[in-house]
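S.K.:
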Amino acid sequence: NKWSHFVRVGLLSFSFLALPSPLWTVGAEVDGKISRTATWQWPDPTTIETKLDDWMTSRSLQPDRQLELLKIWIDPAVPNPGPHTLDRLVQVLTMVEPRITESLNSIAPDRDAKTLPDLSWIDSELPTWARDSIRLAVARNLVQRRWFDEALVILEPMSIEASIDPSTLLYYRGACYHHLLRKKECLGDLSKLLERELEVPTRYAVTARMMMADMEPLKADSLDEVARMMNDVSRRLDLGRAGKQTLDGEQ
1 NKWSHFVRVG LLSFSFLALP SPLWTVGAEV DGKISRTATW QWPDPTTIET KLDDWMTSRS
61 LQPDRQLELL KIWIDPAVPN PGPHTLDRLV QVLTMVEPRI TESLNSIAPD RDAKTLPDLS
121 WIDSELPTWA RDSIRLAVAR NLVQRRWFDE ALVILEPMSI EASIDPSTLL YYRGACYHHL
181 LRKKECLGDL SKLLERELEV PTRYAVTARM MMADMEPLKA DSLDEVARMM NDVSRRLDLG
241 RAGKQTLDGE Q
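If you're matching positions, the sequence shown starts at 1 in my numbering and goes up one per residue.
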């Protein structure tokens, strides 16, 4: 009914907008069956460490400083894999390149940002694995601001095979698809995320199931879809988005 729909949407919005820092506990140990059926893999932390070490060497960091930063990356007290991996890598990258901090802070959920940060410089100054990680962190901030269209432009071309954190990529891209009513893509990404349900953060898994349950009964041109489209128009107007997409949605 209408009331349960509003409650469901409210819970979904709170679940990934309320907490800006994604430091959640990774779930229980995965059993052999789930590992065998998953179609995607976690990245090898040793490979990432080698790339990070090589990059810092290319930046002419002193050996003592490199060792200090590598200790952050290999901190045994921080669980792997998932968003903790992304957070640790971004932390190290920002300590070497301050412009990354400026870009992320400019669109933090508590900032009154109106425009996207300029990330054009990272294409020429950062290796692929690093710039993809920064873009993922930027997109995560955008989703938390409800800038779903802008976040999806960043997330849609990303590959889970090359991602430092496939779980965050699938979760936030799925959230964008959910809010933009792209049912097929939403169910595809969230189903893939749940292939490793016991390994991804509990909050990712629970919210993914909620979003899937919310999207599965959605039918094209139904009253439910029209109501959601109008809600999205309201969101765009709240954010000052009065362009073609907003006008199309109103029609």
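We treat Cβ as the ideally placed atom computed from N, Cα and C, and that holds for glycine.
1. Sort Arg-59, Ser-60 and Leu-86 by Cα distance to Ile-72 and report the nearest one.
2. With H, G and I counted as helix, E and B as strand and the rest as coil, what does DSSP make of Pro-201?
3. How many whole angstroms separate the CB atoms of Gly-174 and Ala-208, which I take to be in contact at a CB cut-off of 8 Å?
4. Got a sec, what are the start and stop residues for the alpha helix (DSSP H) Asp-110 sits in?
5. Kindly indicate the opening and closing residues of the alpha helix (DSSP H) around Val-78.
6. Check whether the Cβ atoms of Ser-106 and Pro-117 sit closer than 7 Å, and answer yes or no.
7. To the nearest angstrom, how far is the alpha carbon of Leu-169 from that of Arg-65?
8. Who are the Cβ neighbours of Ile-74 in its own chain at under 7 Å, not counting the five residues just before and after it?
9. Would the beta-carbon of Val-92 fall within 7 Å of that of Arg-59?
10. Where Arg-182 and Thr-46 are concerned, what is the direct C-alpha to C-alpha distance, given to the nearest angstrom?
11. Does the beta-carbon of Gln-144 have 16 or more other beta-carbons within 10 angstroms, so that it is buried, or is it exposed?
12. So, His-178 versus Met-211, is the Cβ gap smaller than 7 Å?
13. Assign Pro-22 to one of two classes, buried (16 or more other C-beta atoms within 10 Å of its C-beta) or exposed (fewer than that).
M.R.: Checking against the coordinates, here is how it stands:
1. Within the sequence shown, numbered from 1, the residue matching residue 72 stands at position 72. With distances taken between Cα atoms, Ile-72 lies closest to Leu-86.
2. As a working mapping, residue 201 is identified with position 201 in the sequence shown. Three-state DSSP puts Pro-201 in a strand.
3. Against the sequence shown, residue 174 aligns to sequence position 174. Against the sequence shown, residue 208 aligns to sequence position 208. Right, their Cβ atoms sit about 6 Å apart.
4. Here residue 110 corresponds to residue number 110 of the sequence shown, with the count starting at 1. No alpha helix (DSSP H) contains Asp-110, which DSSP labels as neither H nor E.
5. Your numbering for residue 78 matches position 78 in the sequence shown. Taken as a continuous stretch (DSSP letters only), Val-78 belongs to no alpha helix (DSSP H), as it is neither H nor E.
6. Walking along the sequence shown from the start, residue 106 turns up at place 106. Walking along the sequence shown from the start, residue 117 turns up at place 117. Yes, they are a contact pair.
7. Residue numbering aside, residue 169 sits at position 169 when the sequence shown is read from its first letter. Residue numbering aside, residue 65 sits at position 65 when the sequence shown is read from its first letter. So the alpha carbons of these two residues sit roughly 30 Å apart.
8. In the sequence shown, counting from the first residue as 1, residue 74 sits at position 74. Excluding positions up to five away in sequence, the list reads Glu-49.
9. Walking along the sequence shown from the start, residue 92 turns up at place 92. Walking along the sequence shown from the start, residue 59 turns up at place 59. It is not a contact, given that the beta carbons lie outside the stated cut-off.
10. Within the sequence shown, the letter at position 182 stands for residue 182. Within the sequence shown, the letter at position 46 stands for residue 46. Computed Cα separation, rounded: 36 Å.
11. For the purposes of this step, residue 144 is taken as residue 144 along the sequence shown, with counting starting at 1. Answer is buried; the Cβ neighbour count reaches 16.
12. Working through the sequence shown from its first residue, we reach residue 178 at position 178. Working through the sequence shown from its first residue, we reach residue 211 at position 211. Yes, the Cβ-Cβ distance between His-178 and Met-211 is below 7 Å.
13. Mapped onto the sequence shown, residue 22 falls at position 22. In this prediction, Pro-22 has a pLDDT of 38, which is less than 50 and means its spatial position is unreliable; what the coordinates show is noted afterwards. The residue is buried, with at least 16 neighbouring Cβ atoms inside 10 Å.
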